[in-house]
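In my numbering, the protein residues as written are 2 to 482.
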């Protein structure tokens with residue numbers, strides 16, 4: 002049997018198992034306060050979880066609308082109307098397009114050229130490593146995390162070859178891992194990127210009345226990541242005593258980046274992006290009664306995103322083409338993730354319906370256990386439990402499965418919803434300890450310059466380090482709120 006035939010056989014087997022599980026669960030006798038209707042809805046939930054893991058994200062999500070309507074709790078038109086009128090869904094569409102449009106404006110190349118042309122990195126190995134990490138973070142913020150990572154890894158490989166470091170050596174593995182963390186983590190907390198919004202929307206399936214403080218989350222997240230990476234760098238230098246003495250950036254390499262020209266449109270795009278970020282974060286720190294804050298909030302993220310993109314649609318080059326190609330930008334929207342998020346909206350409504358009884362039963366089981374932990378214990382439990390789950394289960398699926406269920410129970414016991422969300426989001430985003438933890442960890446474990454054992458070392462070490470920093474900064478976050 003050919004490999005493709007075997008793959009098709011496995012696919013159809015998983016589809017049959019998926020549908021069979023849903024049917025079996027829906028026919029089981031009700032338990033607790035779950036009703037017969039609740040069992041049917043829970044059956045759809047099981048189908049989706051199994052299908053997302055073993056079959057396909059996009060098709061299974063679309064099929065979920067049909068299966069949920071077949072339970073009789075709603076209609077498919079009502080489900081689609083609910084999903085595509087959701088404010089978070091609309092915001093994600095626009096900010097995803099903006100992130101793609103920034104690529105047209107050359108922000109990533111300009112940032113790389115500027116950072117790597119600084120003479121302070123010549124002859125200073127650890128300063129060079131810090132600059133590479135900082136470059137990764139900046140590339141991440143402007144949405145070029147994967148392209149930025151590949152660029153920086155190429156630079157690390159070139160330096161390693163020139164300076165006599167072998168691939169998979171302690172230093173090269175360490176630098177590649179640190180750069181990867183800096184490329185993959187900051188983007189998650191940026192207000193105009195889709196990650197925080199997407200996970201926030203899933204969290205609000207269980208806590209619809211909560212308005213998440215994305216401005217404060219951005220500042221807390223950047224500070225947390227900076228301290229986490231700083232501690233890891235210090236551990237590498239002083240505890241593990243990694244030898245970086247020969248890891249040098251030559252003057253010729255610096256000059257090569259210094260000679261690259263940055264266009265006027267790119268310079269303006271960077272300046273306006275900083276202003277854009279400040280505008281989005283400003284309402285979090287000023288009185289909501291101020292006319293300026295009222296005006297900012299009226300336009301919201303979508304309005305300011307349209308204004309930013311419009312400037313570069315109106316800006317024409319010598320050939321009369323717009324600086325930002327909007328049709329191309331909107332074509333970059335990740336519809337599998339969008340549909341996964343979309344089905345969670347009517348599914349969340351169904352699971353929390355009083356006639357279903359799923360949430361009531363779950364709360365009755367879990368609340369007595371969590372109540373014994375206290376609020377701080379709940380926070381620690383949420384971080385440890387979710388960060389371990391996401392090492393073996395895709396973090397988006399883990400979020401869909403656990404966030405809406407855990408949030409109302411934990412808040413009901415006394416947890417602050419803002420702090421709880423940030424802890425849960427951070428735990429689900431810290432997915433680097435195993436090759437299967439996320440697409441991001443797949444990049445790290447598959448990189449030929451990184452020794453697999455060292456990838457495991459730093460991937461597991463970042464979990465307690467980030468956890469300690471996260472909880473150490475909690476009093477500061479409470480003041481920011």
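The beta carbon of each residue, even a glycine, is placed where N, CA and C say it ideally should be.
What are the boundary residues of the alpha helix (DSSP H) that includes residue i?
i	result
residue 316	No alpha helix (DSSP H) contains residue 316, which DSSP labels as neither H nor E.
residue 419	418-430
residue 7	4-28
residue 125	First-last for residue 125: undefined, no H or E at that position.
residue 271	265-282
residue 182	171-185
residue 168	Run containing residue 168: none; DSSP gives neither H nor E here.
residue 479	475-481
residue 400	396-414
residue 286	It is not in any alpha helix (DSSP H) - residue 286 carries neither H nor E in the DSSP assignment.
residue 451	Residue 451 -> no alpha helix (DSSP H), and no H or E assigned at all.
residue 358	Careful: residue 358 lies outside any alpha helix (DSSP H) and carries neither H nor E.
residue 195	195-204
Name, in chain order, the residues that DSSP records as bridge partners for residue i.
i	result
residue 323	317
Would you identify the three-state DSSP class for residue i, choosing helix, strand or coil?
i	result
residue 373	coil
residue 298	helix
residue 105	helix
residue 333	coil
residue 353	coil
residue 306	helix
residue 37	helix
residue 86	coil
residue 119	coil
residue 145	coil
residue 80	helix
residue 345	helix
residue 368	helix
residue 162	helix
residue 433	coil
residue 382	helix
residue 97	helix
residue 465	helix
Roughly how many whole angstroms lie between the Cα atoms of residue i and residue j?
i	j	result
residue 470	residue 113	28 Å
residue 225	residue 188	13 Å
residue 213	residue 18	38 Å
residue 182	residue 85	33 Å
residue 42	residue 24	11 Å
residue 252	residue 467	35 Å
residue 83	residue 49	18 Å
residue 351	residue 162	58 Å
residue 474	residue 221	8 Å
residue 293	residue 378	40 Å
residue 1	residue 77	Nothing can be reported for residue 1, as the shown portion of the chain is limited to 2 through 482.
residue 457	residue 396	18 Å
residue 448	residue 69	41 Å
residue 63	residue 200	19 Å
residue 287	residue 198	22 Å
residue 477	residue 332	40 Å
Practice prompt. Let me know the alpha helix (DSSP H) ranges lying completely inside the segment 207-261, each 4 residues or longer, listed in chain order.
Written response: 215-235, 252-259
Worksheet item: What residue ranges within the segment 50-75 form continuous beta strand (DSSP E) runs of no fewer than 3 residues, ordered along the chain?
Response: none
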